[in-house]
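Novice:
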Amino acid sequence: GCLGSEEHSDTAPRPDSNTEAVDPDYVSVRSATEPVIFSSDNDPERTANSRRERYDGDFLATNDDLDQIEFSSTEAGTELASFVEGTDFETESVMLWSAGVSECHEIHLTAVTLDGGEQDPHLDFCRRTRPADTSCDEDELHTVAYAVRFPVDGQDINSHGSGMSSDCQDRPRVSPFDT
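Each residue of the sequence shown is one higher than the one before, starting from 15 at the first, in the numbering used here.
Structure follows, in structure tokens:
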């Protein structure tokens with residue numbers, strides 16, 4: 015389908031030797047109608063007409079951090095909020111991430127790591143073209159959002175980050191020709 019959400023508990027690929035792979039619980043949502051699925055009280059008012067303006071990320075280490083986040087009152091926002099509210103901030107933390115993506119593409123979480131020294135969280139994503147049988151318009155923007163739970167309390171986190179690859183190499187491409 016074109017829209018939807020998923021909840022996962024998968025093993026991430028093995029990262030570089032100076033980082034620790036995390037086997038995360040996470041939820042992902044996609045919305046064609048809601049450009050901003052979550053926002054921080056600290057975010058300036060923003061218009062959401064482009065991919066850049068749909069991009070957001072927050073790291074939540076406490077219930078006070080959670081209180082600073084507003085989730086949209088849509089199915090996608092409610093699903094993210096429910097997942098985040100299920101976090102035990104005494105022993106866990108959550109990273110929120112969102113981005114705009116064309117209707118013809120999808121974004122996948124490929125790795126979740128903690129820096130080996132500082133325990134700083136990092137998310138890696140990839141973008142791929144949706145299956146050929148998916149009807150889509152390249153000019154239509156959707157918003158994709160992830161909430162990823164980390165098994166650390168997050169109180170001493172100095173920084174967090176994410177990266178994006180333009181190609182997902184984990185799924186073999188089917189040849190368009192019969193050989």
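Cβ atoms here follow ideal geometry from the backbone N, Cα and C, with glycine treated the same way.
Using a 10 Å radius around the Cβ and a threshold of 16 neighbouring Cβ atoms, would you call G131 buried or exposed?
Specialist: Exposed.
Novice: For L94, which residues in the same chain have their Cβ closer than 8 Å to its Cβ, ignoring the five residues on either side in sequence?
Specialist: Counting only Cβ-Cβ distances below 8 Å, and skipping sequence neighbours, we find V41, V43, I51, F52, F85, L110, A159 and A161.
Novice: List the whole-angstrom C-beta distance separating E106 from R163, where the pair is believed to meet the contact cut-off of C-beta under 8 Å.
Specialist: Their Cβ separation, rounded to whole angstroms, is 6 Å, which keeps E106 and R163 in contact under 8 Å.
Novice: For T143, which beta-bridge partners are listed by DSSP?
Specialist: Paired residue(s): H119.
Novice: Rounded to a whole number of angstroms, what is the C-alpha to C-alpha distance between S180 and L123?
Specialist: Those two C-alpha atoms are separated by around 12 Å.
Novice: Does DSSP put S173 in a helix, in a strand, or in coil?
Specialist: It is coil, neither helix nor strand.
Novice: Measuring CA to CA, which of T88, Y69, E152 and G100 is closest to N77?
Specialist: Nearest of T88, Y69, E152 and G100 to N77, Cα basis: G100.
Novice: Please say whether I171 and P135 have beta carbons closer to each other than 8 Å?
Specialist: Yes, Cβ-Cβ distance for P135 and I171 is below 8 Å.
Novice: Under 8 Å between the Cβ atoms of V36 and V108?
Specialist: The answer is no: Cβ separation not under 8 Å.
Novice: Tell whether a beta-carbon distance below 8 Å holds between F103 and A75.
Specialist: Yes, these two residues count as a Cβ contact at 8 Å.
Novice: Could you tell me which residues DSSP pairs with F164 in its beta bridges?
Specialist: Its beta-bridge partners are S107.
Novice: Applying the 10 Å Cβ sphere with the 16-neighbour rule, what's the burial state of S149?
Specialist: Label assigned to S149: exposed.
Novice: Could you compute how far the alpha carbon of Q133 sits from the alpha carbon of C140?
Specialist: Using only the alpha carbons, I get a separation of about 23 Å.
Novice: Would you mind giving the Cβ-Cβ distance between S176 and G71, rounded to the nearest angstrom? I have them listed as a contact below 8 Å.
Specialist: Confirmed, about 6 Å.
Novice: What are the start and end residues of the alpha helix (DSSP H) that includes A35?
Specialist: Looking at the DSSP string, A35 is not in any alpha helix (DSSP H); the run it does join, the beta strand (DSSP E), is T33 to A35.
Novice: Grab the span of the beta strand (DSSP E) containing V50 for me, first residue to last.
Specialist: Taken as a continuous stretch (DSSP letters only), V50 belongs to no beta strand (DSSP E), as it is neither H nor E.
Novice: Nearest-angstrom Cα distance between T33 and L137?
Specialist: So the two alpha carbons sit approximately 12 Å from each other.
Novice: Just verifying my parser: in three-state terms, what is the DSSP assignment at P58?
Specialist: Any reading at P58 must be qualified, since the residue scores a pLDDT of 48, below 50, and its modelled position is unreliable; the value itself is stated next. Three-state DSSP puts P58 in coil, outside helix and strand.
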